Amino acid sequence: MAGKSYCDLGCGTYHPYGISTIFYLNGAVSTVGLDVEDADEIRAAEALYDLLIDCIAYPEKWCWEANMNRAEFVERARSFNLNALQNGQLRAGIGDLPLKHVVTDIHDPVIAKESIDIMSSRAVLEHFLDFGVAVDRLFALMRPGGVAYHHIDLADHRAYWRNSSYHRWSFLAENDDWSDNLTNRLRASEIRPYFEKTGFNVLKYEIIRKTMPKGFEQYLKGRFRSMSKDDLEALTVFCILVKP
Ligand SMILES: C[S@@+](CC[C@H](N)C(=O)[O-])C[C@H]1O[C@@H](n2cnc3c(N)ncnc32)[C@H](O)[C@@H]1O
Numbered sequence: 003m004a005g006k007s008y009c010d011l012g013c014g015t016y017h018p019y020g021i022s023t024i025f026y027l028n029g030a031v032s033t034v035g036l037d038v039e040d041a042d043e044i045r046a047a048e049a050l051y052d053l054l055i056d057c058i059a060y061p062e063k064w065c066w067e068a069n070m071n072r073a074e075f076v077e078r079a080r081s082f083n084l085n086a087l088q089n090g091q092l093r094a095g096i097g098d099l100p101l102k103h104v105v106t107d108i109h110d111p112v113i114a115k116e117s118i119d120i121m122s123s124r125a126v127l128e129h130f131l132d133f134g135v136a137v138d139r140l141f142a143l144m145r146p147g148g149v150a151y152h153h154i155d156l157a158d159h160r161a162y163w164r165n166s167s168y169h170r171w172s173f174l175a176e177n178d179d180w181s182d183n184l185t186n187r188l189r190a191s192e193i194r195p196y197f198e199k200t201g202f203n204v205l206k207y208e209i210i211r212k213t214m215p216k217g218f219e220q221y222l223k224g225r226f227r228s229m230s231k232d233d234l235e236a237l238t239v240f241c242i243l244v245k246p
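Going by this note's numbering, the sequence shown opens with residue 3, and the numbers climb by one from there.
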């Protein structure tokens, strides 16, 4: 990790520096959290304060890099302005440390090409509505030799807030031209070719499946009607991509 730059893609509004901070404490030279939404500053500052205190109190829990010694790890954690963070002041808490938060749309990001060595995301890629363009942009941001880890949530997100009306496959019963303007509805078998076409080497492509509700297959519409059961039941993808 030493000397590497890290990017938390789609870092969210509540804890946009969280994962970046763990990478920084473990030796990353710089980090950037990217999101189309701005941070909830007070909540983000308090969350970061809690995380740093935990890192200082229990470095054995958070210091993962074999070459990082605990004393330097704790020193890095103490180099944040903890007082400012505790008082909800995010920018003052980060000060001059090399951790950035950039509000940008990944379809047209405002950060330098080939600037990232390590990237990760959780529950973000399913939101990229023009997936081909977004994957091209991700490829351009990575430095050659860079590694990306993405967790992709393939579920119908309406099931998270209206689960009495929708389940995780409901949107497969909507027509091909339907959109919630939130998720791209791509299935596991459709996503991987985008990575390969762009030039990534796919090192790992793990698919988690769950059983669809009984009898739901008769309601499938459009292209989903001709998909295999294996593909339809895929709900989560964990993948590791390398830019050659
Ligand atoms: C489900 S949230 C996940 C947040 C965070 N990764 C987590 O695990 O808590 C998805 C995030 O992706 C961001 N996002 C969606 N579309 C984006 C885009 N086109 N460019 C950048 N970020 C985007 C959203 O603003 C949101 O913060």
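Ideal placement from N, C-alpha and C gives every residue a C-beta, glycine not left out. Everything numeric in this text was worked out from a predicted model, so none of it was measured.
For the alpha helix (DSSP H) that residue i lies in, which residues bound it at each end?
i, result
"C57", "43-59"
"P195", "190-200"
"I108", "Careful: I108 lies outside any alpha helix (DSSP H) and carries neither H nor E."
"T23", "20-27"
"Y162", "160-163"
"E77", "72-80"
In terms of residues, what are the limits of the beta strand (DSSP E) holding residue i?
i, result
"S123", "118-124"
"R145", "144-155"
"V34", "32-37"
Please state the DSSP three-state secondary structure of residue i.
i, result
"G224", "helix"
"R139", "helix"
"N85", "helix"
"K231", "helix"
"S99", "The amino acid at residue 99 is misidentified as Ser; the sequence shows Leu. If DSSP states are grouped into helix, strand and coil, L99 belongs with coil."
"A175", "helix"
"F240", "strand"
"L11", "strand"
"R211", "strand"
"K2", "Because residue 2 is not part of the residues shown, which for the chain are 3 to 246, the question remains open."
Is it right to say residue i is buried, meaning 16 or more other beta carbons lie within 10 angstroms of its own, or is it exposed?
i, result
"W171", "buried"
"P246", "exposed"
"V112", "exposed"
"V276", "With the chain running from 3 to 246 in the structure shown, residue 276 is simply not present."
"N203", "exposed"
"D158", "buried"
"W180", "exposed"
"R139", "buried"
Going by Cα to Cα distance, which pick from the options is closest to residue i?
i, options, result
"C9", "E62, P100, E208", "P100"
"Q91", "A49, I209, M214", "A49"
"G14", "S181, G35, M3", "G35"
"D233", "Y221, W64, T213", "T213"
"P18", "N71, N85, V104, A30", "V104"
"A125", "T106, V149, D155", "D155"
"G116", "D52, K216, G148, D56", "Before going on, a small fix: residue 116 reads as Glu here, not Gly. It is G148."
"D98", "N89, R78, I108", "R78"
"A30", "N183, G5, N186", "G5"
"C65", "A190, R211, T23", "T23"
"I55", "L188, L27, L143", "L27"
"K199", "V135, V38, R225, K223", "V135"
"A46", "K223, E67, Y16", "Y16"
When you measure from the CB of residue i to every non-hydrogen atom of ligand 3, does any distance come out below 7 Å?
i, result
"S117", "No copy of ligand 3 occurs in the structure displayed; its ligands are ligand 1 alone."
Between residue i and chain B, is there a C-beta pair that is closer than 8 Å?
i, result
"G90", "Of the protein chains in this structure there is only one, and it is not chain B."
#### Entry: Residues proximal to ligand 1 by C-beta, any heavy atom closer than 5 Å
G12, G14, D37, V38, E39, D107, I108, R124, A125, V126, H129
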